[in-house]
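Protein chains: 2
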Amino acid sequence: MKRLIIIGGSDAGISAALRAREIDPSVEPTLVIADEYPNFSICGLPFYLSGEVSDWKHLAHRTRQEIEQAGIRLLMDHHAKAIDAAKNLVLVIDPEGRPSELAYDRLVIGTGAESIKPKIKGIDLPGVFLLRWMDDSFAVNKWLTEHEPKSALIVGGGYIGMEMADALTLRGLSVTVVEFSETVLTTVDKSLGERVAAELNRHGVNTATGVGIESIEADGKHLTVKGTKGFSAGADLVLVAVGCRPSSTLAAGAGIETGIKGAIKVNRRMETNVPHIYAAGDCVETWHNLLKDYTYLPLGTTAHKQGRIAGENAAGGNREFEGSLGTQAVKIFDLVAARTGLRDIEAKEAGFAPFTDQFETWDHKVYYPGAENLIIGITGDRKTKRLLGAQILGHYKSEVSKRIDIFATALFNNMTIEQLSDLDLSYTPPLSSPWDPVQMAAQAWVKNFS
Amino acid sequence: MKRLIIIGGSDAGISAALRAREIDPSVEPTLVIADEYPNFSICGLPFYLSGEVSDWKHLAHRTRQEIEQAGIRLLMDHHAKAIDAAKNLVLVIDPEGRPSELAYDRLVIGTGAESIKPKIKGIDLPGVFLLRWMDDSFAVNKWLTEHEPKSALIVGGGYIGMEMADALTLRGLSVTVVEFSETVLTTVDKSLGERVAAELNRHGVNTATGVGIESIEADGKHLTVKGTKGFSAGADLVLVAVGCRPSSTLAAGAGIETGIKGAIKVNRRMETNVPHIYAAGDCVETWHNLLKDYTYLPLGTTAHKQGRIAGENAAGGNREFEGSLGTQAVKIFDLVAARTGLRDIEAKEAGFAPFTDQFETWDHKVYYPGAENLIIGITGDRKTKRLLGAQILGHYKSEVSKRIDIFATALFNNMTIEQLSDLDLSYTPPLSSPWDPVQMAAQAWVKNFS
């Protein structure tokens, strides 16, 4: 029986363990987990803080019992301090601070990422929070419960910032979002970001864009955030969500090569440069299916896939990661913004000659009640007419997220934009039109191509 | 300038005309339309009769003005009586009964289909209706308005029967559905059909399956429907929806070859065997992408695609119909049932060695409010492990219809079921899970494969 050690109990680690057991039931993986929350859905934290998830325990994809019954050993509150790759050992510190050594035949590193903590004055003040792990969310929740803040300022207009603006508004706070770029949600095109900002405003959230934060000051429990362009705003709670970086110190200390933003370098079998050591999830460089190159693109979906592949290969299988397309969706109040593949600017940077067209239509036949607007942006290659990417913005009941998946499936299969009209997609008047909006947008791209 | 005549003003005909204009703006298509309702969404009739569509005029995909402004000439209430293929003429009867001849360089036949009218006693009684065209729906609506029926009996548990059971219940009638087969909605597997029947029952609709209808009798305005197994039920309105057959008499009279169920034979350029004559939509045999053979599978989506291709080729283009996958979705009260590709039994008949697995899960992370159950059936080939088909049943807010489209896009690209796990599909907790249900079902298929 192979000794399989996995460092990290989030998406990548658990996926690796489960898959290893499927491939070889004689493997009994041991997970070294830094906290007490194995297999928790950290993507669900905003919904816990909003009050929509009544009990934080519901955020577990699987309970501790379910994981253990699947034949996986959990070492909770254990910190992996060092890897001795020459001796195939992991040095672990238990909850009482006692060190021990775990021997492995195969090691999977799934240490994830950590929130970027900007070096500004006041970042460590009480009432100022980062949000990535369960403990972070407990700290925010405690503050919300004990201090009953009336207002919140969110630094960063990305996914977490957007979801937390929604969540804290739902919780009754008055929310302001401050973003360094010209629009919020810079993962989609500016015109879509502006509509997201309008949606925020419609729900009472203030937005300040093009503003860099410079300091946070405290006056009792009240905080004042100051920034460029003379920005100054008070808040009872400040959440800093300006992105994350890979947690790769442990790996680097063991001689494992790192690359972009310090992420662990892996091949498509999820092997590091050190024999018998695999890595997966938010701590690694990710192979991009369209760029045909590595990038840093931490996503829960990718972590699950990579972890599964690392586990399969660690257990004796042979499977390659097919690559990310950067497919993402986020719900912000009544809207969903989704994307897959490359945007125009990204396609240009990658050496393509892109053409991008935006199309607006209804999610279903407008004669049937409840039709909502969809905005669909398509990016294609001028030379090959191949689909390179798509973005959709629309009401959250408009099947936006699974419509982006039609594009994602088409991208995976290298389809041209013209071919999208050949797809036999479903139609019933309450849910679509005889040409699905995805196809109408594709036909508009072809027509407007210049 | 080419003289393009199109017979039929529904999905296929209008699509052909619009596409011909796009390909060659010098073409001025003339449409010969048997009624006054060009480009009406006949898929929307149940929603008009339910009262959800406030004005029947809203059912028009485009208004008459919009069509004419697009450079298309409409001859409404004109009947094409004969085609003289030797002389390239269509004999047309105008609303006053006067004949005239229209010369064509290219002719597109889009005569559609007609309801099957079973030869049973009482089928022509007042209060007994078929439903296919606008006039049919006006007749039903008139009966509903003038006679205020309290109860309805629907013969046939297919798409129209299901939608009309929903529609007439919404309109306040007590509804009974009688179906000849063992379950309603025989386009999906029996276990799903049974859940649809339960949904009907939950909304007060009675169902009688395995019953053949034998006669309809009138007692004043009240009707009594009798069938096999001693079935007898009274109703104030009877709707007979037992399928359709291609309207191909006109074509056959011109020497155009017909095949399955009398449908017009076409090649993938939508050409008939007679030079310069194309046909498209519910009147033709349809190329099936998986069967690699022709079948009769009349659907609005297919009619749009085939019409577009006929129009493109008639205007000098060169494009082939890529084939149908039989992708369909129908909303029945709170449920949506959707399918694409082949079911187990169909795959067997087509010479595949299929394996089918059914999987049940939530449409999104269950910790987020509003999660609903999805049942996903996947059929794959035992030898190649290739995806052959899928069926999904779930709540209509669960993105069932666009999830089936992920399968449809995968089918179009000949993906294996294992490859579905490589797709980079979108995830946010309110709308999916890190492995989309589509992928979880695919993984279950692989695991349960035997």
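Top to bottom, those sequences are chains X and A. Taking this note's numbering, the leading residue of the first sequence gets 64, the next gets one more, and so forth. Taking this note's numbering, the leading residue of the second sequence gets 64, the next gets one more, and so forth. For every residue, glycine included, the Cβ atom is placed at its ideal position computed from N, Cα and C.
Using a C-beta to C-beta distance shorter than 7 angstroms, which residues of chain X count as neighbours of W498/A? H367
Between V463/X and L494/X, how many whole angstroms is the CB-CB distance? I'm expecting something under 8 angstroms. Between L494/X and V463/X the Cβ distance is about 13 angstroms, and since that is not below 8 angstroms, they are no contact.
Looking at chain A, is there any beta carbon in it that lies within less than 7 angstroms of the beta carbon of T424/X? no
To which residues does DSSP link Q391/X through a beta bridge? R402/X
How is G313/X classed by DSSP in three states: helix, strand or coil? First, the amino acid is wrong: residue 313/X is Leu here, not Gly. Helix.
Excluding the 5 residues flanking F384/X on each side, which residues of the same chain have their C-beta closer than 7 angstroms to its C-beta? R331, M333, W350, K368, Q369, I372
Residues in the same chain with beta-carbon distance under 6 angstroms from V238/A, minus the five sequence neighbours each way, listed in chain order, please. A215, A228, L231, T232, V268
In the DSSP output, what is P417/X paired with across the bridge? D444/X
DSSP state of H210/A mapped onto helix, strand, coil: helix
Closer than 7 angstroms, Cβ to any Cβ of chain X: which residues of the stretch 121–153 of chain A, in chain order? H121, L122
Nearest CA to the CA of G293/A: which residue from L483/A, G433/A, V241/A? V241/A
Hey, is the stretch 399–409 of chain A in contact with the stretch 438–457 of chain A, meaning 3+ C-beta pairs nearer than 8 angstroms? yes
Between which two residues does the beta strand (DSSP E) containing P181/X stretch? Here P181/X belongs to no beta strand (DSSP E), and DSSP marks it neither H nor E.
Look at the alpha carbon of A97/A and the alpha carbon of K120/A, and state the distance between them as a whole number of angstroms. 17 angstroms
Where the alpha helix (DSSP H) containing R82/X begins and where it ends: 74–86
So is N204/X in contact with chain A if we call contact Cβ pairs under 7 angstroms? no
Quick one: residues in its chain with C-beta nearer than 6 angstroms to the C-beta of L488/A, no 5 flanking neighbours on either side, listed in chain order? D499
Rounded Cβ spacing between L94/A and I135/A (contact assumed at less than 8 angstroms): 6 angstroms
Determine the contact status of P492/A and C106/X, defining contact as a CB-CB distance below 7 angstroms. yes
Listing by chain order, which chain X residues have their CB less than 9 angstroms from the CB of S387/A? D487
Over the uninterrupted alpha helix (DSSP H) stretch that includes S464/A, give me the two end residues. 463–475
Confirm, please, whether the CB-CB distance from F110/X to M197/X is below 7 angstroms. no
Would you mind telling me which residues of chain A sit closer than 7 angstroms to N476/X, beta carbon to beta carbon, in chain order? N476
Under 9 angstroms (Cβ pairs) to chain X, residues found in the stretch 102–113 of chain A: S104, C106, G107, P109, F110, Y111
When burial is assigned at 16 or more other CB atoms within 10 Å of the CB, is H427/A buried or exposed? buried
Assuming the contact rule is C-beta atoms closer than 8 angstroms, Y459/A and D397/A should be a hit. Round their C-beta distance to whole Å, please. 6 angstroms
Closer than 9 angstroms at the beta carbon, the chain X residues around T390/A: L486, D487, L488, S489, Y490
Within the continuous beta strand (DSSP E) that includes Q454/X, where are the two ends? 450–458
Between G219/A and A304/A, which are expected to be in contact by the criterion C-beta below 8 angstroms, what is the C-beta distance as a whole number of angstroms? 4 angstroms
With DSSP collapsed to three states, give me the class of I105/A. helix
Starting from the Cα of R466/X, find the closest Cα among G457/A, Y490/A, T479/A and give me that residue. Y490/A
Assuming A366/A and G389/A are in contact, meaning their beta carbons sit under 8 angstroms apart, how far apart are those beta carbons, in whole angstroms? Rounded, the Cβ-Cβ distance is 14 angstroms, inconsistent with contact.
Given a cut-off of 7 angstroms on the beta-carbon distance, is the pair T246/A and E262/A in contact? no
Helix, strand or coil for R265/A per DSSP? helix
Contact belief for N476/X with N476/A at Cβ below 8 angstroms, rounded distance in angstroms: 4 angstroms
Looking at L255/A: is its Cβ nearer than 7 angstroms to the Cβ of L456/A? yes
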